[in-house]
Structure formats: C-alpha cells, structure tokens
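Participant:
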Amino acid sequence: MAITYFDRAIETAGCEDIAAHQISRLRVLLKELIASNPFYGKTLRDAGFTDARLLHSLEDLKSLPFTCKSQLVDDQEINPPFGTNLTFPFDRYTHLHQTSGTTGKPLRWLDTSESWDWWARCWAAVFCAAGITAADRIFFPFSFGPFIGFWAAWAGAEKIGALAISGGAQNSYQRLRTLMELQATVLCCTPSYALHLAQVAAEENIDLRRSTVRKIVVAGEPGGSIPGTRTRIEGAWGAKVFDHTGATEIGAHGMTCLGQCGVHLNEGEFLVEVLDPLNLKAADEGELVITNLGRIGSPVLRYRTGDHVRINRDVCECGRTFARMDGGIIGRIDQMLIVRGVNIFPSSLESIVRTFPRVQEFRVIVEDINAMDELLLVIEVAGDNPEDVVKAVGRETAHRLGLRIGVELAAQPLPRFEMKASRVVDKRVRQT
Ligand SMILES: [Zn+2]
Numbered sequence: 356m357a358i359t360y361f362d363r364a365i366e367t368a369g370c371e372d373i374a375a376h377q378i379s380r381l382r383v384l385l386k387e388l389i390a391s392n393p394f395y396g397k398t399l400r401d402a403g404f405t406d407a408r409l410l411h412s413l414e415d416l417k418s419l420p421f422t423c424k425s426q427l428v429d430d431q432e433i434n435p436p437f438g439t440n441l442t443f444p445f446d447r448y449t450h451l452h453q454t455s456g457t458t459g460k461p462l463r464w465l466d467t468s469e470s471w472d473w474w475a476r477c478w479a480a481v482f483c484a485a486g487i488t489a490a491d492r493i494f495f496p497f498s499f500g501p502f503i504g505f506w507a508a509w510a511g512a513e514k515i516g517a518l519a520i521s522g523g524a525q526n527s528y529q530r531l532r533t534l535m536e537l538q539a540t541v542l543c544c545t546p547s548y549a550l551h552l553a554q555v556a557a558e559e560n561i562d563l564r565r566s567t568v569r570k571i572v573v574a575g576e577p578g579g580s581i582p583g584t585r586t587r588i589e590g591a592w593g594a595k596v597f598d599h600t601g602a603t604e605i606g607a608h609g610m611t612c613l614g615q616c617g618v619h620l621n622e623g624e625f626l627v628e629v630l631d632p633l634n635l636k637a638a639d640e641g642e643l644v645i646t647n648l649g650r651i652g653s654p655v656l657r658y659r660t661g662d663h664v665r666i667n668r669d670v671c672e673c674g675r676t677f678a679r680m681d682g683g684i685i686g687r688i689d690q691m692l693i694v695r696g697v698n699i700f701p702s703s704l705e706s707i708v709r710t711f712p713r714v715q716e717f718r719v720i721v722e723d724i725n726a727m728d729e730l731l732l733v734i735e736v737a738g739d740n741p742e743d744v745v746k747a748v749g750r751e752t753a754h755r756l757g758l759r760i761g762v763e764l765a766a767q768p769l770p771r772f773e774m775k776a777s778r779v780v781d782k783r784v785r786q787t
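Going by the numbering used here, the first residue of the sequence shown is number 356, and it counts up by one from there.
1) How would you call GLN786, buried or exposed, if buried means at least 16 neighbouring beta carbons within 10 angstroms?
2) Quick one: what's got a C-beta closer than 7 Å to GLN690's C-beta in the same chain, skipping five residues either side?
3) Would you say the beta carbon of ARG675 comes nearer than 6 Å to a heavy atom of ligand 1?
4) Looking at ILE693: is its Cβ nearer than 7 Å to the Cβ of HIS663?
5) ASP598: buried (16+ other C-beta within 10 angstroms of its C-beta) or exposed?
6) Pick out the complete beta strand (DSSP E) segments inside the region 643-729, 3 residues or longer, and give them in chain order.
7) Please work out which residues of its chain come closer than 7 Å, Cβ to Cβ, to LEU758, disregarding the five sequence neighbours upstream and downstream, and give them in chain order.
8) Using the three-state DSSP reduction, which class does LEU756 fall into: helix, strand or coil?
9) Closer than 6 Å to a non-hydrogen atom of ligand 1 - does that hold for the CB of GLY614?
10) Under DSSP, the alpha helix (DSSP H) around PHE332 begins and ends at which residues?
11) Does the separation of the CB atoms of VAL596 and ILE588 fall below 7 Å?
12) What's the gap between the Cα of MET680 and the Cα of PHE404?
13) Are the beta-carbon atoms belonging to LEU419 and ALA402 less than 7 Å from one another?
14) In this structure, how does DSSP classify GLN786 when only helix, strand and coil are distinguished?
15) Below 8 Å, can you find three or more Cβ-Cβ pairs linking the region 443-450 to the region 608-623?
16) Return yes when the C-beta of CYS671 is under 6 Å from any heavy atom of ligand 1, and no when it is not.
17) Using a Cβ distance threshold of 8 Å, determine whether the region 458-474 contacts the region 497-514, with at least three qualifying pairs required.
18) Have a look at ILE651, SER706, ARG709, PHE625 and flag the residue whose alpha-carbon is nearest the alpha-carbon of ALA374.
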C-alpha cells in the first residue's frame, strides 16, 4: 500500500517531538490571546498565564478551565452577533459559518484568511491519509449552505490539487448523473447520504459499482466507523470508506488512513485530552477535549466536545504516531442510554440494524418508563413479509446487546437526511 502523508515529519514524529511542537504552537497562540482576545484573555490571566512564556509543559495547560459549548452560546447571546472570542479586529475576518444547529441554536464562527488556510491544511491531511491525490475528482453532494463541513473540505481539495465538483442545487438523481458523467473518483458526504444515494441509484437501475468512485470520505455522523454501515456503503458503491471527524467550532481533527483501523487525531494541529466522564480525570476512554493550535483568530482551549471516544496509542501500520480513536466517535456523551443497567450508544443499534440489507431506515425512540430508560427500535423494511425482518432484528439485538428491546415496523416511510442525521427521538422527561 502506497502511504501518502500531508506532512510526514510531524505525522510520524515521536511523542516527545510532537509535545515540543504543540508547546511551541501553544505559546504563539497564548501570546495573541492574552494580548487581545476578550473571551480567552481574562480566563488565561485568571489562571496565572500573564505571559505565554510561562507555559513550559503540556501539563501546565491543565490549570486552565475547560470551555463548554454553552459558554460560547451565552457569549454570542450577550454579545451579538459574533460574541467576543475574536483575537483580531473585525476587518481581519473573511469567512463566516455556523454550526448545523442539531442541538440548539446555531453558533456563528468567524475565520481569518490565515485560519481558513489552516482548515484547508487540516482537510488536506484527511485526503492525503486516505490516499487521495491531485489526480482525483472529488464530488460534494452538498447544498453549500452556512454549515462549514464541506466548504472546508472543498478548500482542502484545492490544497492537494484535486478537482472539486459541487453537487449544490441538485436533487439526488441529478447528483448521481453528474458524478457519473464527470467521472468522479471520490465522494464526500455524510454516511446516511451515501446510503441514500445508493438507494436512489438502485431505484433508477444505476449500478454504482460500475462508477468511477473508489473512495468515500464520510463526516458528520459516526457511521463511517460503524462496521455494519461501512460495509453496506462499501458494498453498494464498490468503494472504500474513510471516516472523518471534526466540528465547526474546533476544526477538521480526525482522519482515517489506508489501514482503516480507527480514526487518527491530527496531533500536529490539535492538542487532545480524554476525560473520564465521572471524575473528569485523564482516561483512555471518555469525553474528547480539544485545543486547536492553528486558529488564532477564533480558537477553542480545552473544549469539551461532548463526544465519547476510546483512545489507542499503538503505532499504526501506516506509520503515523498520531493517536487513534478506535471505532471513531462512539457517540454523544448525552446520548448514552442506560437500559436495565447496560450502557448503550445509538451507534451500537445502528451497527446491528445495518447488517440487515432489507432495513432501509430506522429510528431509536427513548422513553422513560417507571424511571428507567426504555428503547424502541422502529425500522423501515423493503420487500415482502417485513415481520420476518422485525423478528430477526429483535433476536439479533437481544443476542448482541444482552437485553431485549422493542422492535417495530414503521407505519410510514421514515424521513431521509442530507446533513447530520438525527435518528434518536428522546421522549424522556428531564428532571430539572
Ligand atoms: Zn494509520
């Protein structure tokens, strides 16, 4: 396998060299923030960082409090429209995006031309890890609205010299026609949308396995690292799937290499911590906390992502020393369900459901019954005798999860998603 790197020196560096690189990047960042960022300047000074040269080790940064999304949301609420996490005067900023708003009011985020170039470099690393080169034609079946994800990927495609093709303002059928006609070799979208396009192709008698698409970079949902989902996408398209992780307020931090064994975190551009959710102490499994090192105009420091991950620091067969998240992002911390004492993330249900080819779409309904979480899995099934599939899914969930959950047939077709899928319907009454 021909391994390609964006920056081989840092991607294969030893842990001490990576730490030294991170400290020097952090000092540059902190110097600017202490001088002129209203949001972080005070926090840094309160934590004793009156001068960036006081930072001697990564351990020193731990005296800084965590940043939570709610603080950023509140700051924008009080200081509309962009908040105070701005290091430079307004005229330095050139790009505005916002979060997808799946979990509340969208958060707006400004970038300078330097930090936009940083985004492009982070995405270029994602493409290089997947072996995507200047010879590739990358198709983006995305509406190009204010959500940052695929705009940054577009910039990354340009950075590596690939041909970027927009699928904006087209329906799914038109997108399939475009990617076939222009002989796209790479598809970049959410896992749900890759499956939806495959379904539309089947209905239109288009054999995607005969298309030129060989690689699919998926983002926005955990599906790319869920074996059942990945196998299903790869089977329908005759292409390899590479999971990517990132967020509007953080950056493009995760990349999958040709080994397809977990998602590497780009430790050249991000400082990564993992916290035990119960005691907030460092752990190998728990909440991912990130400090980005190259977005000086609008950074995040020790940002609690709300994502549950399992970290693996073994050197990968690709030669990268960057830590890997086994299974990618396993789920959202706030979506972890405890059903009769068993911890379950919705991704575990997805991994089961996707092994049944006749299940087209699904929902997970969570209810609070007698102070206990209870799950109901609703599935949409193609073909005759759907009840047989319902029974089989019920048996498989009982076998794989070690507990029995309700499985029902959807009364009507379930909605499909182009952007982040939200398949969990939480009907629990929250105690406040
Ligand atoms: Zn690797």
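Just so it is clear, CB atoms sit at the ideal spot from N, CA and C, and this is done for glycine as well.
Facilitator: If we stick to the structure as given:
1) Note that GLN786 scores 48 on pLDDT, short of 50, meaning its location in the model is unreliable; the coordinates nonetheless yield the value given after this. That one is exposed.
2) PHE700, PRO701, VAL779
3) yes
4) no
5) buried
6) Qualifying beta strand (DSSP E) stretches, in chain order: 658-667, 692-694, 697-699, 714-724.
7) VAL694, ARG695, VAL697
8) Helix at LEU756.
9) yes
10) The question about residue 332 has no answer here: the residues shown for the chain are numbered 356 through 787.
11) Cβ atoms of VAL596 and ILE588: closer than 7 Å.
12) 31 Å
13) In this structure, ALA402 lies closer than 7 Å to LEU419 by Cβ.
14) Unreliable placement is indicated for GLN786, whose pLDDT of 48 sits below 50; the coordinate value is still reported in the next sentence. Note: GLN786 maps to coil in three-state DSSP.
15) no
16) Look at CYS671: its beta carbon is less than 6 Å from one of the heavy atoms in ligand 1.
17) As far as the Cβ criterion goes, the region 458-474 touches the region 497-514, which means the pair count is three or higher.
18) PHE625
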